[in-house]
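So the protein sequences, as listed, match chains A and B.
Using this note's numbering, read the first sequence as starting at 1 and increasing by one per residue.
Using this note's numbering, read the second sequence as starting at 1001 and increasing by one per residue.
From the three backbone atoms N, C-alpha and C, an ideal C-beta is built for every residue, glycine too.
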Amino acid sequence: MISSALDGKMTPGPREITSNPRLSDKFFRAIVTSFGFSALIILTLIGAFLAVRGFQIFKSEGLHFITGFKWDVTIDDAGEVTYDMGIGAMLVGTILISTVALVVGVPLSISVALFLTFYAPIRIRTFLISIVDLMAAFPSVLFGLWGYFVLMPMATYWSKLLYKYLNWIPIFDAPEKFFERSPFIAGLVLAIMIIPIVTSVSREVFAQTPLDRVQAAYALGATRWGMIRTVVLPFGTNGVIGGAMLGLGRAFGETVAVYTILNLVFRPNWHILYGAGGNIASLIILKWGEATDLETNALLAAGFVLFLMTLGVNMGANFIVGRTLKSGK
Amino acid sequence: MNSEIIKPEKPWVLTPRQVAPRALLFSLAFFATIFTLNLTSFNGKLGFFFLLFAYSSAANLTYNVRKHGRKAIGESIAGSLILGGSLVVFLPVFSILFTTLQNGISGLHFTLFTESMSEASFIDPIGNGGLLHALIGTIYLIVISAVISVPMGIITALYLTEIKGPGSRFIQFVVQAMSGVPSVVAGLFIFSSVILLTPIKASSFAGALSLAILMIPTVTRTSQEVLLLVPSDLREAGLAMGATQWKTVVTIVVPAARNGLITATILGVARIAGETAPLIFTLGGADKVNLNPFKDYNSALPFYVWKGLSLGTPESLARAWSGILVLIVLVLSLFILARTFGSQKFKK
């Protein structure tokens, strides 16, 4: 008996452990899976529709659509339409404003995140965290109103001070002394708007700092700042960078607040204090009202460029944040 | 036996002896600031806060270095900077709430919630008309986009937590990318697809579609966090009792996470209630009450504010501020609601 079993032919292989789902479960899984992929479908559709609508413009303007600084559509007497549309100035402006927002917003966010994680007493902490979350829920039109009527008078004064003492630095120079509605002020408002997201990502990352390292630093006699400098910041740097990139994505796409504050001008301006700037999202609502079909398509093309920019920045950011959060576990 | 209860010690609480020098230093810095402001060319609120911050940090630094030696230098400077930075961040929040209240109250009147702007114009005296149409429009937008995006968001979250299919990491990535879609792009997308290609024209429904795109990622991510908190014992118990997976999910997992899912919905609504940009392309904008969400232009609170803001006369601005006050009260109450639901733990 035994020998025949060892011969091989009779030996049954290990039993396969399967769970064959029932019909109802198959349905359930199919439905849930198809819903799961809906996000992907929506995202693809957004890209596809905007690209198709903008195709005509991309084809006729080519790379000039990105690098051109004009936005002219003229219809001559014969009914012939000539146009020259480019979002170069808006692109420059978007990047400039977002940079101001990051330079102002990120250090503040880091200090709030550190304060909330390591300094604030517990009772105040929960209250302040709700306030940061509430800040994220403020409507952007409110930031626009507040920025225009409350912040602008103050910020114009700050601009004058900066101009007076720092105009030897090229970006703080200005061709004329017109400091209202400048990229600087729009950037300040954007900074306040991105602080919640940058803060909450940084806070999440700081809270993931391995406790044993924190305790080890204290046990070696580190002060609180010494511990933060040697343990928390090296661990959290990538997460903070990711959070800042998420904030950058928000800053790229912010529309109403920037439109309220910024003075849109179709020429590139690198002087942050000077009241002339550009922003792709604001361009879209500025030109939307009286846009012809052709211009509408151009605006949709501009929307496509904006979509690609934010998508790229966001994906990079999520990749970095996800990796950092995982490394703490 | 001695029944005296021992009073617990709290060694971390500052004693009056420790508080006194700090308070003294702060008041010294305060007086020094006022002194400097009066004597030199520094002036204004900016000068005041800057000097106060500089003086009190310096005073703190000297005190700490005298007391603890040189290693307190970094500690003291960093502490001042972090505290100062946090104050700078929280000041605007209170400033925003305060200005809204201050400017919004002057625009409030009795007919605000009972009349629309159909027989009044934005530049009329404030007593005329109201924002009833905008309020109804906003309610339509919230309800329709919630009806669309809450099931989609929650089921997507179920895919990510319950099924954990082969594509779940990828879908997670896509949902995160979707949460970064600018609101203006969502509006453009609905315009270029729904409004241009289907019989549905600019209306509450089209507006709600564009808002749903913004709401789905918020609902998904919050629901996912909540569903992950449901103990896996519950799932295993359901399966061990012989339930199929869908019965386990529907009768055990989802009810267990009910409060969290409600929170997810409310947070999603709070995310979209104040969105303005997509509505510019999809809502049209009306001045009278429109009860049909699928046909004809409609209004919404953010749109009302936007209109008042762009007209720019004192009366229209007062209307904008009162509109934003109503909106902020709405968002704030949604927020508090979300907190109350969110703070309830699982019943064991």
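Here A:A174 is buried, its C-beta having at least 16 other C-beta atoms within 10 Å. Per DSSP, reduced to three states, the secondary structure at B:N1298 is strand. Residues of the same chain with a CB within less than 6 Å of the CB of B:M1117, apart from the 5 flanking positions on each side, are G1129 and D1287 in chain order. When C-alpha distances from A:Y119 are compared across B:P1011, B:G1079 and B:T1099, the shortest belongs to B:G1079.
When rounded, the separation of the alpha-carbon atoms in B:R1271 and A:V240 is 23 Å. Within the DSSP secondary-structure output, B:V1331 pairs in no beta bridge. Its chain contains A1320, G1323 and I1324 as the residues whose beta carbon lies nearer than 6 Å to that of B:V1305, once the 5 sequence neighbours on both sides are disregarded; these appear in chain order. Taking A:A276 as the centre and dropping the five residues before and after it, the same chain places the C-beta of N263, V265 and N269 closer than 7 Å to its C-beta, in chain order.
Beta-bridge analysis with DSSP links B:V1174 to no other residue. Within the same chain, Cβ atoms closer than 6 Å to the Cβ of B:S1179 are found at P1217, the five residues on either side in sequence being excluded. In this structure, the CA atom of B:I1123 is about 21 Å from the CA atom of A:W146. Close to A:V32, with beta-carbon spacing below 8 Å, are these residues of chain B in chain order: I1155, L1158, Y1159, E1162 and I1163. Looking at B:S1192, B:L1209 and B:A1020, the one whose alpha-carbon comes closest to that of A:R53 is B:S1192. For B:E1275, the closest Cβ of chain A is nearer than 9 Å. B:I1139: member of the alpha helix (DSSP H) spanning L1132 to L1158, first to last residue. Under a 10 Å Cβ-count criterion, A:S98 is classified as buried, with 16 or more other Cβ atoms of the shown protein chains found around its own Cβ. In terms of beta-carbon proximity, A:G303 lines the interface with chain B, with at least one pair separated by less than 9 Å.
For A:Y259, the enclosing alpha helix (DSSP H) has its first and last residue at V256 to I261.
One Cα belongs to A:P121, the other to A:M193, and the distance between them is close to 25 Å. When secondary structure is reduced to three states using DSSP, A:M193 falls in the helix class. Just so you know, the alpha carbons of A:K287 and B:G1187 end up roughly 15 Å apart.
At least one C-beta of chain A is nearer than 9 Å to the C-beta of B:N1103. The criterion of a C-beta distance shorter than 9 Å is not satisfied by B:V1181 and A:F138. With a threshold of 9 Å between beta carbons, B:G1238 makes no contact with chain A. Secondary structure remark: continuous beta strand (DSSP E) runs of at least 3 residues inside the segment 98-143 of chain A: none found.
According to the DSSP assignment, A:I17 belongs to no alpha helix (DSSP H), since it is labelled neither H nor E.
Membership of A:W71 in any alpha helix (DSSP H) is not indicated; the residue belongs instead to the beta strand (DSSP E) covering W71 to I75. The segment 81-89 of chain A and the segment 51-67 of chain A touch, with no fewer than 3 CB-CB distances between them shorter than 8 Å. Nearest neighbour of B:R1070 by Cα position, chosen from A:E290, A:N279 and A:G226, turns out to be A:G226. By the neighbour-count definition (other C-beta atoms within 10 Å, threshold 16), A:N279 is a buried residue. Rounded to the nearest angstrom, the gap between the Cα atoms of B:L1214 and A:G144 is 20 Å.
Judged by beta-carbon spacing, B:T1244 lies within the 9 Å limit of A:P21, meaning their Cβ atoms are closer than that value. Straight-line spacing of the CA atoms in B:I1126 and B:G1107 works out to 6 Å. DSSP, reduced to helix, strand and coil, places B:D1287 outside both helices and strands of the structure shown, so it counts as coil.
For B:I1280, the closest of A:L294, A:I272, A:L273 and A:Y259 by C-alpha to C-alpha distance is A:Y259.
Across the segment 146-160 of chain A, CB contacts with chain B closer than 9 Å involve W146, Y148, F149, V150, L151, M154, Y157 and W158, in sequence order along the chain.
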